[in-house]
Structures are given as C-alpha cells and as structure tokens.
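Trainee: One structure, as structure tokens, below. Some questions next.
Protein chains: 2
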Amino acid sequence: MIPEQLTQGQYDTVYNLLSLVIAAQLFTALFLVAAQPRVLPRYRQALLVSAVVCGIAAYHYFRIFDSFRDAFVTDAVGGRGTYTQAPGASFNEGYRYVDWLLTVPLLLVELVVVLALARKLQASLLWRLIPASALMIALGYPGEVASSDAVRHVFGLLSTIPFLYILYVLFVELTKSLDRQPPAVRDTISKLRILLFASWGVYPIAYLVPLLGFDGADAWVGKQAGYSIADILAKCLYGLLIYRIARLKSFADDPAFAEAEEGTAEGHASGRSGVQVPA
Amino acid sequence: MIPEQLTQGQYDTVYNLLSLVIAAQLFTALFLVAAQPRVLPRYRQALLVSAVVCGIAAYHYFRIFDSFRDAFVTDAVGGRGTYTQAPGASFNEGYRYVDWLLTVPLLLVELVVVLALARKLQASLLWRLIPASALMIALGYPGEVASSDAVRHVFGLLSTIPFLYILYVLFVELTKSLDRQPPAVRDTISKLRILLFASWGVYPIAYLVPLLGFDGADAWVGKQAGYSIADILAKCLYGLLIYRIARLKSFADDPAFAEAEEGTAEGHASGRSGVQVPA
C-alpha cells in the first residue's frame, strides 16, 4: 500500500495536508463551541454535535500524522532528501475508518437535529440513517485493508448499498420536510446536501484508486490528498453550514434575537437611511 | 534553502523569534475569546474569527518551531556552539503557506464582519475577497518551494495579481462604506487597512529575498524574522485593532452599554467636560 519511496515534495505535500486537516478540524471545533450563544438554545445541540465531530477528527488526524511521520526515514540534510519506509513502523491505513465510524453517523445527526423536525419524524430518520452509515463504514473497512483486489471489489460493492440508501433518505424523504423550513434556510439546506453528496463522493473514488490501476507514490499521495480535502469539506465546511442554518433559523424564530445579533447590519443600516425618525 | 550552518547567535535569534510568535498568537487568541462579553453580541463573530486566526497561527508556529529545532544539531557545550544541518531532518519551508491558506481569508472575514455592513454588501465583498486571497496563497506556494529562480519569478508575479485585486477592493470599494461608520471608528478602520497593507507587504519582500541575491545564513535568519514579525502584526495587532473597532462601535450603538463598560472613562470624562447637563 504505502509507497517504497517518497520525494521531498511528495512527503511535504502529505505532511502539510495532514497538518492542514488538524488545524481546520481543531479550530472549527473550538469555534463551534464558542459560537453556542450565537444561536437559540434549541439549535445548540446541532452545534455541539458538529463541534464533537470536528474534535474527534482532529484527534484522529493527530494520530494519522504521527503514524505518517514514523513510517518514513529520510536521508535529507538541510532541506531536501528522499524518504524511504522506516523499518519497524507501518502507516496505519485503516485508521481513518475508526474516525468515520464515529463521525459519519454524527454528521447525519447534526443535519437531522438542526432541522428541528417533529420529534417522531426526527426519530424515524435517525433510526434509519445512523445504522445505515455505520454499516457503510464497517463494510468498507475489510476492503480497504485487503491485499486482494477481489475482496476490495466485493466489500466496495456491499458498502455502496447502505450509501445509496442514505442518499435516498436524504434526497427523497428529507425533501418532503424542506417546505416546512423558513424560506431563508431552504437554500442553505440544499447546499448542505449537495456538499454532503459531493464530499462523500470523494471517499469511494479514493477507495477505488488502487483498483483503477493507478499505483506508486503519486497515486498514494493523491489518495491522501483526496481523503484529507474530503474530510475538511465533509466536517469543517459542513459544520459551518450547520452553524449558518442554526443562525438563520434562530433569526427566523425570534426577531428580537436577530435584532440583538445583527443590529447594525440590516436593522441599523436600513434604519439609518430612512431615519429622520418619528419627528 | 536552509543554511549549512548557523552561529549560536543566529540560532538563538530564530528560536526566540519563533517562540515570541507562539506566545503572541496564543495569548491574543485567549484574550479575544475572553473579551467576548466586552462587545455587543453583533460584534462577537468578528472577535471569535480573530481568535481563531491567532489560534491557528499559534498551532502552526508550534510545528514550525519543532521543525526548526529538529533541523539542526549543535556541538555546543555549555552555552555556545555552532549549529549544522541535522541528518535525517528537513526544515519545512512551505509550511507557512498552510497557515496562510487558512488565516489570510479569515483576516478579511474579520474585517468585513466587524464593519457590520448590510448583508448584501457583506456577501458580495466576501465572495470576492476570500477566493482572491486563497488564490494568492496557492499561487505563491509553488514559487516558494521551487528550486529555480525562474519558477519563483513566475509564481511570484501570478500571485501578485490577486493581491492587487484585494487591495483594490479594500481601498476603493470599502472606502465607499466608510462614511456609514460611526465617526469615532473611521480613524481606527483606516489604521487597520494601513496595518494590513504594511504587514502584508512584508511577505512579498521576504519571498523575494532569495531573488535579490541575498543568500547565506544572515539572509535566511532575516527572512524568518520578517515572516515572524509580519505574522505578529498581521494577526495579533490586527486582531486587537478589530477588538478596538468592535468596542467603539458597541459604544456608539448603545450608550447604556458604553456607560456600563466605561463609566468612569469616557462617559465620565465627557460628562465632566461638557456637562451643563439638560439643565
């Protein structure tokens, strides 16, 4: 799996990407915790879950980062050199699955919770989405760590079944509830679903890379880059969109809250232009 | 890139500067989080983003610091010695770009958010500034890690195009909205823009150092010093100015808040000078 040798540029690219993910996840998590008072209490659960997802991802990327650093030795002196596999260490490729097993079901929880649907509908969605997402990850893992292409194929296919089911639930069932959302929010929810679809789509592509005949160091670096960028989109950007939905819904629910939070923005600005006040 | 050898003084200078940046970023971040209640809720987003920027920078400087320490070995005994490149380690010069890729767009977000412009104008500014700043950093990176001067030239030039565009937006477009700001704040906003311009100006100069024929250990130490000081100005000082703008705008928006916060300071002072009260 792991290439025999990396150039300095390839090594630095993976190093920088993994660290970029740590920074993005860690500070999105902290931001989402600190931003709690900026939405109404009813939406804070969604923010908290988003923060937990990013925090878990940050933790796992610290481990992936260390595993990567330990897996190579270099003959570099000064700034440049060649990296070869370190004896007595291995890069734990299956490690990402541990992260996903925890975070992917929680990503779906975020989405369902922020919509603040009727309790019954919410429960029904979660009972279907959470097991399906856990199953999707669990079925992908044996394929990822397998050394045979056939095994990779079989588990890749099996894992696709719950994936398609999740997409079905999100696009068909959830759409029905969209018209119950405030108009200002509908657009952001649609964007969120597209983001989820687009970023989750990267994982099967990265998974398939070894099957597509790409091999060698560049393919491996590309796979790490794909997973890293997808993790930033699917967790950080996704979490920030959840925050945005929570903000917009808070404003729609409570105009006084909107005024306090946005005061000068629209309120004041429009107030000022048309001021001349009650005379 | 990295010099063959550093004197004790050169090594200590870089060591001290990198650690200074960690201290400055980390505690500015903590200060800005703790200072949240000292501005009106509508300005807390700007403070929070400033804190995140400084926090991300602190994280990255921890990594840069470790990378620097690992990159050299010394024959020092009891205080003084000569530092030479450590075998099996490299100083990751491109690493700063990972930091900038996250923080530079956020610095522009801080500025736009604290101005509390009308929502539409705000969105339009952000949609132009954020992609331009990300492009500016992304285009600089290949030049920084290139070993050829020609490549450095080309990407330096390409990167300048979005930089000039950002300056245009900040100075031409933003100026139009300045007269909608409270008079007490206009002056600070002008200072902020000058700080942004001056501190961002250091980066291209440091980038150009290798092209200007400076070389060797002193030039390298100078480049590290330039980047470090620019990072303190562009993030910590900038974040504190954002805080000052948020405070002044909070006072201008809500006299009761100003009285509660400043009681003895301005409230009292102006009360004293211009008293004669309602009579």
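Residue numbers (the numbering used here), protein chains in the order written: chain A, 1 to 279; chain B, 280 to 558. Think of the CB as a built atom: it goes at the ideal place given N, C-alpha and C, for glycine as much as any other residue.
1. Taking Cβ-Cβ distances shorter than 7 Å, what residues in chain A pair up with B/A368?
2. Shortest alpha-carbon distance to A/G88 belongs to which of A/D75, A/F68, A/I166 and A/S50?
3. For the structure I just gave you, are there three or more beta carbon pairs, one from the segment 194 to 211 of chain A and one from the segment 57 to 72 of chain A, closer than 8 Å?
4. Please classify B/V328: does DSSP put it in a helix, a strand, or coil?
5. Using a threshold of 8 Å, state whether the C-beta atoms of A/L115 and A/V53 are closer than that.
6. Quick check: the Cα distance between B/G360 and B/F306, rounded to an integer number of angstroms?
7. Which runs of the beta strand (DSSP E) fall wholly inside the segment 468 to 519 of chain B and span at least 3 residues, in chain order?
8. The alpha helix (DSSP H) with B/F536 in it runs from where to where?
9. Report the residue ranges of all alpha helix (DSSP H) runs contained in full by the segment 109 to 193 of chain A; include only those spanning at least 4 residues, in chain order.
10. Would you mind telling me which residues of chain A sit closer than 9 Å to B/Q324, beta carbon to beta carbon, in chain order?
11. By how many angstroms is the C-alpha of B/R465 removed from the C-alpha of B/D458?
12. Check this for me: beta carbons of A/V209 and A/K223, under 8 Å apart or not?
13. Run down chain B in chain order and give the residues with a C-beta less than 8 Å from the C-beta of A/A24.
14. Just to confirm my understanding: we take A/L125, look at its own chain, exclude 5 residues before and 5 after, and list those with CB closer than 6 Å. What are they?
15. In angstroms with no decimal places, state the Cα-to-Cα distance between A/A265 and A/L248.
16. Given that a residue counts as buried once 16 or more other Cβ atoms are within 10 Å of its Cβ, and exposed if not, what is B/A525?
17. If I'm right that A/P142 touches A/V151 with Cβ under 8 Å, what's the distance once you round it to whole angstroms?
18. Terminal residues of the continuous alpha helix (DSSP H) containing A/Y43?
19. Below 8 Å on the Cβ atoms is my contact criterion, and I expect A/A76 with B/S369 to pass it. Report the Cβ-Cβ distance as a whole number of Å.
20. Would B/T382 and B/A336 qualify as a contact pair, given that the criterion is a beta-carbon distance under 8 Å?
21. By a C-beta neighbour count over all protein chains shown, 10 Å radius and 16 as the cutoff for buried, is B/I281 buried or exposed?
22. Between the Cα of B/F530 and the Cα atoms of B/H339, B/P320 and B/L296, which residue gives the shortest distance?
23. For B/Y294 and A/G239, I'd like the C-alpha separation in whole angstroms.
24. Going along the chain, which residues of its own chain have a beta-carbon closer than 6 Å to the beta-carbon of B/S427, five neighbours each way excluded?
25. Where does A/P37 fall in DSSP's three states?
26. Can you say whether B/L436 is buried or exposed, counting buried as having 16 or more other CB atoms within 10 angstroms of its CB?
27. If we cut at 8 Å on Cβ distances, does B/P421 have a partner in chain A?
Mentor: Judging by the given coordinates:
1. Close to B/A368, with beta-carbon spacing below 7 Å, are these residues of chain A in chain order: A76.
2. Of A/D75, A/F68, A/I166 and A/S50, the residue nearest in Cα terms is A/F68.
3. no
4. B/V328: helix per DSSP, three-state reduction.
5. no
6. Straight across, the Cα-Cα distance linking B/G360 with B/F306 is about 32 Å.
7. none
8. P534 to E541
9. Qualifying alpha helix (DSSP H) stretches, in chain order: 119 to 145, 149 to 168 and 174 to 178.
10. A35, R38 and E261
11. 8 Å
12. yes
13. L381
14. V112
15. Any reading at A/A265 is ruled out, since the residue's pLDDT is 43, under 50, leaving its predicted position unreliable.
16. Under this definition B/A525 is a buried residue.
17. 7 Å
18. In the DSSP assignment, A/Y43 falls outside any alpha helix (DSSP H), carrying neither H nor E.
19. Here A/A76 really is in contact with B/S369; their C-beta atoms are around 4 Å apart, less than 8 Å.
20. yes
21. buried
22. B/P320
23. 37 Å
24. none
25. helix
26. Result: exposed.
27. Closer than 8 Å: no.
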